[in-house]
Amino acid sequence: MRPLGQNFLVDTSVRDAIVEASGVGAGDLVIEIGPGRGALTRVLAKRAGAVVAVEVDSELVACLERELADFSHVHIIHADILSCDIRQIALRHASGGPGPLRCMVVANLPYCITTPVLRKLLSASSLFAAFTLMVQLEVAQKLVAAPGCPGYGELSLLAQYYTQPEILFTVGPESFAPPPLVQSAVVRMTVTQSACAGDVDPSLLFGVVRAGFAERRKNIRNSFVSSALFRGDRGLVARVLERAGIDGRLRAEQLGLAEFARLARAALHQIIEEDGDGD
Numbered sequence: 079m080r081p082l083g084q085n086f087l088v089d090t091s092v093r094d095a096i097v098e099a100s101g102v103g104a105g106d107l108v109i110e111i112g113p114g115r116g117a118l119t120r121v122l123a124k125r126a127g128a129v130v131a132v133e134v135d136s137e138l139v140a141c142l143e144r145e146l147a148d149f150s151h152v153h154i155i156h157a158d159i160l161s162c163d164i165r166q167i168a169l170r171h172a173s174g175g176p177g178p179l180r181c182m183v184v185a186n187l188p189y190c191i192t193t194p195v196l197r198k199l200l201s202a203s204s205l206f207a208a209f210t211l212m213v214q215l216e217v218a219q220k221l222v223a224a225p226g227c228p229g230y231g232e233l234s235l236l237a238q239y240y241t242q243p244e245i246l247f248t249v250g251p252e253s254f255a256p257p258p259l260v261q262s263a264v265v266r267m268t269v270t271q272s273a274c275a276g277d278v279d280p281s282l283l284f285g286v287v288r289a290g291f292a293e294r295r296k297n298i299r300n301s302f303v304s305s306a307l308f309r310g311d312r313g314l315v316a317r318v319l320e321r322a323g324i325d326g327r328l329r330a331e332q333l334g335l336a337e338f339a340r341l342a343r344a345a346l347h348q349i350i351e352e353d354g355d356g357d
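All residue numbers for the sequence shown refer to my numbering, where the first residue is 79 and numbers rise by one.
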């Protein structure tokens with residue numbers, strides 16, 4: 079049985095290493111995404127204060143309900159995580175006991191939905207302490223990538239704005255059934271406030287980031303001019319770059335979070351000033 083193209087974790091040593099690395103304890107609520115046959119779920123249930131497992135496949139939900147019937151603090155939700163309000167899940171279950179529980183996510187993420195799930199988690203990160211996730215190695219490398227490194231892009235900046243991501247260990251195909259065609263890695267993403275960009279509104283910051291990466295072959299000046307954010311105004315782009323102290327000949331992949339934060343601040347102040355002058 080392999081519903082929805084999932085690769086099930088069958089290596090118990092990897093399973094135990096993931097749970098150990100997560101640091102889950104009795105004071106924690108764990109949300110598990112794509113529990114499959116429950117390889118992680120049962121071990122998490124023995125350590126966590128509560129476990130919420132979100133599974134889209136009805137056959138697997140039935141299997142999980144049978145296998146985990148003895149754990150009253152494990153809740154199985156039959157749903158597509160991409161359609162769920164993960165904030166509401168966390169808030170509802172974290173406050174359901176004698177005291178509030180710390181929220182964490184521990185999961186072997188289905189590879190076909192990894193990126194949208196990561197975006198969803200990061201947007202709700204203020205409710206969580208950490209995410210411990212098995213992902214494709216290529217995705218893990220993107221999460222921790224520095225400017226100028228292969229794979230560096232918007233996802234890298236999102237992860238590093240909301241969390242401190244680190245690759246804990248790699249996992250070979252032989253740890254799964256059926257074996258995937260790629261290497262995997264376990265990453266821990268500890269939720270934190272960005273020291274260099276925490277004062278910048280994330281919607282503005284990532285509007286600037288998306289504008290910069292929209293046309294990766296172009297330098298940052300030309301990418302900005304082509305974006306709706308800067309209204310196609312070369313003069314405005316030049317003034318923002320000058321105000322931020324950023325060389326417009328650089329490409330987006332050469333800029334770090336601190337540089338994008340400077341650009342976002344400069345864009346905000348420049349646009350406010352120019353709109354004010356036009357009144």
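Ideal Cβ positions, reconstructed from N, Cα and C, are used throughout, including at glycine.
* Asked: How do the stretch 192-200 and the stretch 116-123 stand: do at least 3 beta-carbon pairs fall below 8 angstroms, yes or no?
  -> no
* Asked: Among the residues of its own chain, which have a CB less than 8 angstroms from the CB of LYS296, if the five just before and after it don't count?
  -> SER304 and ARG329
* Asked: Pairing CB atoms from the stretch 139-157 with CB atoms from the stretch 110-118, are three or more of them under 8 angstroms?
  -> yes
* Rounded C-alpha distance that separates ASP106 from ARG317 -> 49 angstroms
* Quick one: what does DSSP say PHE149 is sitting in, helix, strand or coil? -> coil
* Asked: Applying the criterion that 16 or more other CB atoms from any shown protein chain within 10 Å of the CB defines a buried residue, is THR210 buried or exposed?
  -> buried
* CA-CA distance, GLY290 and GLU352? -> 22 angstroms
* **Reference ALA342, options SER253, GLY276 and TYR240, closest by Cα** => GLY276
* Residue(s) in a DSSP beta bridge with THR193 -> For THR193, which the question treats as bridged, DSSP gives no partner whatsoever.
* Determine the burial state of VAL184: buried for a count of at least 16 other Cβ atoms within 10 Å of its Cβ, exposed for fewer. => buried
* Going by other Cβ atoms of all chains shown within 10 Å of its Cβ, with 16 needed for buried, is GLN84 buried or exposed? -> buried
* Would a C-beta distance cut-off of 9 angstroms place ILE245 and VAL269 closer than the cut-off? -> no
* To do: Could you tell me the boundaries of the beta strand (DSSP E) in which THR119 lies?
  => That residue, THR119, is in no beta strand (DSSP E); its alpha helix (DSSP H) goes 117-123.
* How would you call ARG170, buried or exposed, if buried means at least 16 neighbouring beta carbons within 10 angstroms? -> exposed
* Asked: Does DSSP classify SER262 as helix, strand or coil?
  -> strand
* Compute the Euclidean distance between the alpha carbons of VAL132 and SER272, then round it to the nearest angstrom. => 29 angstroms
* For the alpha helix (DSSP H) holding VAL286, just list the boundary residues, first then last. => 280-291
* Nearest to MET182 by alpha carbon, out of LEU199, LYS220, GLY313 and LEU138? -> LEU199
* Asked: Got a sec? Which residues, its chain only, sit under 8 angstroms from LEU142 by beta carbon, not counting five neighbours each side?
  -> PRO113, ARG115, GLY116, THR119, ALA131, GLU133 and ILE154
* To do: Below 8 angstroms on the Cβ atoms is my guess for LEU235 versus LEU335; work out the distance and round it to an integer in Å.
  => 6 angstroms
* Which one or two residues does DSSP pair with VAL92 in a beta bridge? -> In the DSSP output, where bridge partners are listed per residue, VAL92 has none listed.
* Best match in VAL260, PRO257 and LEU283 for proximity to TYR239 [C-alpha to C-alpha] -> LEU283
* To do: List the residues that DSSP assigns as beta-bridge partners of ILE154.
  => ALA131
* To do: Measure the C-alpha to C-alpha separation of ARG312 and VAL286 and round it to an integer number of angstroms.
  => 15 angstroms
* **CB contact flag (ARG299, GLY323, <9 angstroms)** => no
* To do: Just the C-alpha distance for GLN332 and PRO225, rounded to the nearest angstrom, thanks.
  => 5 angstroms
* Compare the beta carbon distance of GLU232 and ARG288 with 9 angstroms and say whether it is the shorter of the two. => yes
* Asked: Mind checking ALA128: buried by the 16 CB within 10 Å criterion, or exposed?
  -> buried
* Asked: Which stretch, first to last residue, makes up the beta strand (DSSP E) that contains ARG180?
  -> 180-186
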